[in-house]
Amino acid sequence: MTAARWKLVSGALAAIAVLGATTACSNSSKDDNEILVYNAQHESLTKEWIDAFTKDTGIKVTIRNGGDTDLGNQLVAEGKNSPADVFLTENSPAMALVENAGLFSDVDPGTLAQVPDQFRPSTGKWTGIAARSTVFVYNTAKLPADQLPKSLLDLQQPQWKGRWSGAASGADFQAIVAALLVQKGEDATKAWLKGMKDNAIISQNNTTVMKGVNSGQFDGGVIYHYYWYRDQAKTKENSGNTQLFYFKNQDPGAFVSISGGGVLKSSKKQANAQKFLNFITSKKGQEVLRDGDSMEYPVASDVAANPALPPLASLNAPKIDPSKLDAKKVTQLMTEAGLL
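Going left to right, the sequence shown walks through residues -23 to -1, 1 to 317 as mature numbering (1 follows the signal peptide of the UniProt record, and there is no 0) numbers them.
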């Protein structure tokens, strides 16, 4: 078979596979007692939520897992034809992307009432379901506490060349940059990204950053808090030589990222989709965060965090409307800086 003919055959097979997957989704959507969740949260956490929700309500939940950006872009591409009923993310920019495309229904007032204003967008088109704090993880043998950066912005200075790391291509890190853009503006963000390009050792993900700091490959790194707390709760294999530094003082490095949940306007199962979102933000749903091993922060129904974590209110994070986090602009700026 010629290469050209094989390309045609393989393309046809791929199209049939996509059609089959779409048909399967469409057929399953006929079950009124089942919803489909596009899930960019951690699979284990979402499974805990789903299991508890189904036990409580009898409503079945099917999940399609993916990354924040990938699923957000997929929803925008699918538009009103999306089979999804609910979208869950780790970070806010993908939620803002879908919101700006006009694809979310209003969240039920009863659900919004469970979530304080600072943990949801002002628009009411989606809501916070969990939170994670930006931190600077550092190797205690290589970086004395009195030499820590006083601000995230300090990491653009020449003295930090080759000494810190961040996972530039990850949705987590890009959410931090999106918050910097809102808080400090485009010029300051461009300058900081240039400094990152000059100074940082780019890692694949947050776990790789933490491992590199722990091994002494670099002095410190920018990650989210829960990676460290999860490892500390287990073997400390990847964090035993490190500590966390919280910038606080409404510094860009104190950014708290809100994980989001929203109901798609195109969903034919609005009532059950809204019930699912309500459950996640209810006391029972938020207790999954407190009592499980996710080490993420509850944000609703007055549920306190896992006792191992510093209280969220003590972090003095900058106040940023999560609807304002611009994923597209961040991608543009990071690409221009040579980081993507």
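Glycine included, C-beta positions come from ideal geometry on N, C-alpha and C.
Given the structure is predicted, the values throughout are model-derived calculations rather than measurements.
Tell me whether Y206 sits in a helix, a strand or coil according to DSSP, three-state version.
helix
N182 - DSSP class collapsed to helix/strand/coil
Note: N182 maps to coil in three-state DSSP.
Among L22, L266 and Q91, which one has its Cα closest to the Cα of K252?
Q91
Could you check what DSSP says for A314 in three-state terms: helix, strand or coil?
coil
Helix, strand or coil, according to DSSP, for L289 in the structure here?
helix
Rounded separation between D123 and S244 - CA only
Computed Cα separation, rounded: 54 Å.
Give a yes or no on contact between the stretch 231 to 242 and the stretch 97 to 117, applying the rule of three or more CB pairs nearer than 8 Å.
In short, these stretches touch, since the Cβ pair count reaches three.
Close-in-space but distant-in-sequence residues of the same chain around M187 (CB under 8 Å, 5 per side omitted):
Taking C-beta separations shorter than 8 Å and ignoring five residues to either side along the sequence, the partners of M187 in its chain run V114, G198, I200, Y204, W205, D208, N215, S216 and T219, following chain order.
According to the Cβ coordinates, are A144 and E67 closer than 8 Å?
no
Using a 10 Å radius around the Cβ and a threshold of 16 neighbouring Cβ atoms, would you call N4 buried or exposed?
At N4 the pLDDT is 37, less than 50, meaning the model places this residue with poor confidence; the figure from the coordinates comes in the next sentence. Exposed.
Report, in whole angstroms, the separation of the C-beta atoms of T104 and V84, which I expect to be a contact under 8 Å.
So it is a contact: roughly 5 Å between Cβ atoms.
Which two residues bound the contiguous beta strand (DSSP E) that contains residue 318?
Given that the chain is displayed from residue -23 to residue 317, the structure contains no residue 318 and the question cannot be resolved.
Regarding S236 and the ligand SAM, is the C-beta to nearest heavy atom distance less than 7 Å?
The model on display carries no ligand, and the ligand SAM is accordingly not part of it.
Assuming contact is defined by CB atoms lying nearer than 8 Å, are L13 and D62 in contact in what I supplied?
yes
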